[in-house]
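Last residue of the sequence shown? That's 488 in this note's numbering, and every number before it is there in order. Built from N, CA and C at the ideal position, the CB exists for glycine as well. What follows is one structure encoded as structure tokens, with my remarks underneath.
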Amino acid sequence: MNISHLTLDSHTLFNPQRPSFSFLRCTSRNVVVCSSKSVAPPSLPPKLATAQSSDGRIGSLSQVSGVLGCQWGDEGKGKLVDILAQHFEVVARCQGGANAGHTIYNAEGKKFALHLVPSGILNEDTLCVIGNGVVVHLPGLFKEIDGLESSGVSCQGRILISDRAHLLFDFHQEVDGLREAELAKSFIGTTKRGIGPCYASKANRNGIRVSDLRHMDTFPQKLDLVLSDAASRFKDFKYGPEMLKEEVEKYKRYAERLEPFIADTVHVMNDAITQKKKILVEGGQATMLDIDFGTYPFVTSSSPSAGGICTGLGIAPRVVGDLIGVVKAYTTRVGSGPFPTEILGPGGDLLRFAGQEFGTTTGRPRRCGWLDVVALKYSCQINGFSSLNLTKLDVLSDLDEIKLGVSYKHADGTPVKSFPSDLRLLEQLEVDYETLAGWKSDISKIRKYSDLPKVAQQYVERIEELVGVPIHYIGVGPGRDALIFK
């Protein structure tokens, strides 16, 4: 396949019931593909059938459920959280900071770009919690809240911020840029939002927490300590008494405004669990950016995999139930680092513009490639997903052929049995692909799985078969309603 000749429109495990299996033969590579088809229920009017399937699917989720990214971020987690939030009383962020960019749309189609505020904020009965594992940039948070309020979205009494969460200061962002410049050609490719330096302050144990804003008598000394540390580390970081004075005065004002939002969210979360309230955890970034399990060092500085839920919110592992993994129908990543299934040149450009693959937080163009099944299986293994949300299936609608990266091998042809930690190996390995037929039709208006073209269903079902996890949600456009429940 010569992807440079493709043209794309610029629009943006099976079923738990017993499946019967049928087989299709992929003509382009003679690959046998197994697909699952459950016994069809009695037919219903389309709207009623969709409502019943969505309510049943969402209603069966555990009391504490989570939505996490499977790839390198930007999978579309915010949209699913926004939809599910209508059925949950609490939506909580457990890690990351304003480097998470979640784009969602309200019922009227108005676009909201969220960074710190959980994506449940558009649902007026939902309480939004920013947990202890999140790093909070107050100027950015207040700007976000002001933007929501000006658009008619009430935030008062609906957002709680952990008193244990660490504060991210403007100087952390400056240090982030200095650090990237220092790394030169081996730079990480961060968002330069100060996330890494703030988590470094936390690990160095000189960080400042939200609760410290309640003690302005000791706040200046604590701030001086962390600023002096940055100045000693980076010669281009200019720090003096005047800067400290200005920052202290600024944070006195912030402290007063923030006070109504501050809470012991560990108590809030566990009290909600005791009261049998339904809680949805919203992950930022994604598993392949996890500081332990991702493509280190080209990762974020927190744990966006399942383990981060407990440490970032202060809830016990035994209460966490269903976890939904969000995965694009193809793969993207922002910044540096290995990307085995990346499509270089015009082919990658076509996917980028068809999917509008530009960062919500930075506007940077995302690198694009075929769906990496090896990385997806690894992500499913780490997180124990009960189901998947396959997003942006519509972006592939004009492709003649679609490839799946199904396995890795060394240059000599010997297989690589798991997702490797060795970056040199990741950069040198070869990918085996399966090629499936494209469906060559607009699917953005389809709302029932059975109405998808058969070849689109075969693509979905082949992914299910390869990873061993059911795909329960399929995104076919950016709007709230552009979601198929399978």
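query, result
"Straight-line gap, I465 to C72 (C-alpha atoms, nearest Å)", "13 Å"
"Helix, strand or coil at A94 according to DSSP, with G and I counted as helix", "strand"
"Proximity of L468 and L438 at Cβ, strictly below 8 Å", "no"
"Environment of S304 [buried if 16+ CB atoms lie within 10 Å]", "buried"
"Closest by C-alpha distance to G1, when choosing among L63, G99, L140, A87", "Past the edges of the chain, shown from 3 to 488, lies residue 1, and the structure says nothing about it."
"First through last residue of the alpha helix (DSSP H) which encompasses F355", "348 to 356"
"S338 (DSSP reduced to helix, strand or coil)", "coil"
"Three-state secondary structure (DSSP) of E248", "helix"
"Neighbourhood of S45 by C-beta distance below 6 Å, restricted to the same chain and skipping five residues each side", "Reliability fails at S45, whose pLDDT of 41 lies under 50, so the model's placement of it is uncertain and no value is given."
"Sufficient close CB pairs (3 or more, under 8 Å) joining the region 425 to 443 to the region 338 to 357", "yes"
"P472 versus A87 - alpha carbon distance", "21 Å"
"Under the three-state DSSP convention, the category E151 falls into", "helix"
"Inter-residue Cα distance where the pair is Q358 and K112", "17 Å"
"Buried/exposed call for L282, threshold 16 Cβ in 10 Å", "buried"
"Buried or exposed by the 16-neighbour rule on C-beta atoms within 10 Å, applied to T334", "buried"
"Complete alpha helix (DSSP H) runs within the region 351 to 404 (minimum length 4 residues, chain order)", "375 to 385"
"Contact check, H168 vs C200, beta carbons under 8 Å", "yes"
"Assumed close pair A288, E77 - CB separation to whole angstroms, cut-off 8 Å", "6 Å"
"Range of the contiguous beta strand (DSSP E) that encloses F295", "Where F295 is concerned, there is no enclosing beta strand (DSSP E), given that its DSSP letter is neither H nor E."
"Same chain, Cβ closer than 6 Å to V479, five either side skipped, listed in chain order", "It is Gly, not Val, that sits at residue 479 in the sequence shown. Closer than 6 Å at the Cβ level, and outside the excluded window around G479, lie D396, S446."
"G122 at chain D interface by Cβ criterion, 8 Å", "Here there is only one protein chain, and chain D is not present."
"Per-residue DSSP class, three states only, for I275", "helix"
"Endpoints, beta strand (DSSP E) assigned at C130", "129 to 132"
"Inter-residue spacing [alpha-carbon to alpha-carbon] between F360 and G296", "21 Å"
"Alpha helix (DSSP H) segment containing V111, residue limits", "Checking the displayed sequence, the identity of residue 111 turns out to be Gly instead of Val. Element bounds for G111: n/a, residue is neither H nor E."
"P480 beta carbon near the ligand ADP (any heavy atom closer than 7 Å)", "Ligands are entirely absent from the displayed structure, and the ligand ADP is therefore not among its contents."
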